[in-house]
Amino acid sequence: MTELGTETRDGIAVYSIQGRLDLVAAPNLKSLIDTTVKGGLIRGVVDLSGADFIDSSGLGAVIGGLKAAREAGGDLRIAGATGQVDHALKLMKLDRVFGRYSTVDEALDGFD
Amino acid sequence: MASTDPLALDCRPDELLDAVHALLERAWAAHPEVGEVDRMMIVTAVGEIAANVVEHGATATVASLSVAVDDDGVRVELWDDGDPLPADTVTSATMPDDPLAESGRGIALARDAMDELTYRRDGERNHWSMARRR
């Protein structure tokens, strides 16, 4: 089962995913980001270092989160994408849409 | 020419996503010669088609999956007993113009990742066939 989690670091939401970010898990991540953004944490980092697979639904959830964050005046970055996840981001031509970082620390650093 | 018996299983649609990953892991364990890029492309494509079956196959009761690896490459077949899809499901799929589109990429993505992707209706079943050459 995919596990989703959030924590706050320096006033920025960090969303973590363990396992597959796919059709089943995607709506849960989307609603988690929506709720967190509505609650005022408009800057976020999606930590993909624990995700071993992503599909177009998972990508859709992250894109939806990006839109929600930007509409609220914030932003959403991606960190730690490796293997198939990194590969899929490029295949889906989303490697240029997001600010992408190797680690959560790098993504947090310099967030306005 | 080394040809291998296909790895195959039947499952309920709600088990299909797990089954895809498990079956592909078995295939890679049996065929370590399949390269990393090929593996990523194949799991991406099969995952998308399987997700499509799960999402749009409300009437399906059983899905069947097979993986065959030989010197030419990898072939994956997926069947389900749900309602038919439009015949041009694969050929008409396009990537959305908007890079921030939240949906609608799945089949185009699968088609781009594989050398061959076809959908057809076989009797009472939907049949997806996809292949990636070495």
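Those sequence lines, one after another, are chains S and P.
According to this note's numbering, the first sequence is numbered sequentially starting from 300.
According to this note's numbering, the second sequence is numbered sequentially starting from 161.
From the three backbone atoms N, C-alpha and C, an ideal C-beta is built for every residue, glycine too.
Just so you know, these numbers come straight off a predicted model, no measurement behind them.
Pair within 8 Å by beta-carbon distance, residue i and residue j
i	j	result
residue 303/S	residue 215/P	no
residue 390/S	residue 273/P	yes
residue 184/P	residue 229/P	no
residue 354/S	residue 207/P	yes
residue 173/P	residue 236/P	no
residue 360/S	residue 335/S	no
residue 349/S	residue 315/S	yes
residue 382/S	residue 341/S	no
Among the options, nearest to residue i - alpha-carbon criterion
i	options	result
residue 175/P	240/P, 202/P and 197/P	240/P
residue 370/S	385/S, 404/S and 332/S	332/S
residue 392/S	253/P, 250/P, 261/P and 246/P	261/P
residue 284/P	202/P, 222/P, 208/P and 201/P	222/P
residue 317/S	337/S, 347/S, 307/S and 362/S	347/S
residue 404/S	336/S, 343/S and 337/S	343/S
residue 248/P	211/P, 191/P and 281/P	281/P
residue 363/S	319/S, 385/S and 325/S	325/S
residue 233/P	194/P, 268/P, 244/P and 259/P	194/P
residue 287/P	259/P, 177/P, 257/P and 244/P	244/P
Rounded C-alpha distance that separates residue i from residue j
i	j	result
residue 163/P	residue 345/S	Caution applies to residue 163/P, whose pLDDT of 46 falls short of 50 and renders its modelled position unreliable; the model cannot decide the point.
residue 408/S	residue 374/S	13 Å
residue 402/S	residue 305/S	16 Å
residue 270/P	residue 368/S	29 Å
residue 246/P	residue 224/P	20 Å
residue 309/S	residue 378/S	16 Å
residue 277/P	residue 250/P	7 Å
residue 352/S	residue 291/P	20 Å
residue 376/S	residue 399/S	6 Å
residue 189/P	residue 170/P	20 Å
residue 161/P	residue 264/P	Legend: pLDDT at residue 161/P = 39, less than 50; position of this residue unreliable, value from coordinates given subsequently. Their backbone Cα atoms lie some 40 Å apart in a straight line.
residue 365/S	residue 253/P	25 Å
residue 397/S	residue 220/P	37 Å
residue 289/P	residue 210/P	12 Å
residue 307/S	residue 179/P	35 Å
residue 142/P	residue 388/S	Coverage of chain P is limited to positions 161 through 294, which leaves residue 142/P absent and any answer about it impossible.
Cβ neighbour criterion (16 or more within 10 Å) applied to residue i
i	result
residue 217/P	buried
residue 294/P	exposed
residue 201/P	buried
residue 204/P	buried
residue 168/P	exposed
residue 301/S	buried
residue 357/S	buried
residue 337/S	exposed
residue 197/P	exposed
residue 395/S	exposed
For residue i, the residue or residues it bridges with in DSSP
i	result
residue 323/S	Partner(s): none; residue 323/S has no beta bridge.
residue 304/S	315/S
residue 350/S	318/S
residue 287/P	239/P and 280/P
residue 399/S	377/S
residue 172/P	None; residue 172/P has no bridge partner.
residue 226/P	168/P and 237/P
residue 343/S	312/S and 375/S
residue 265/P	None; residue 265/P has no bridge partner.
residue 293/P	233/P
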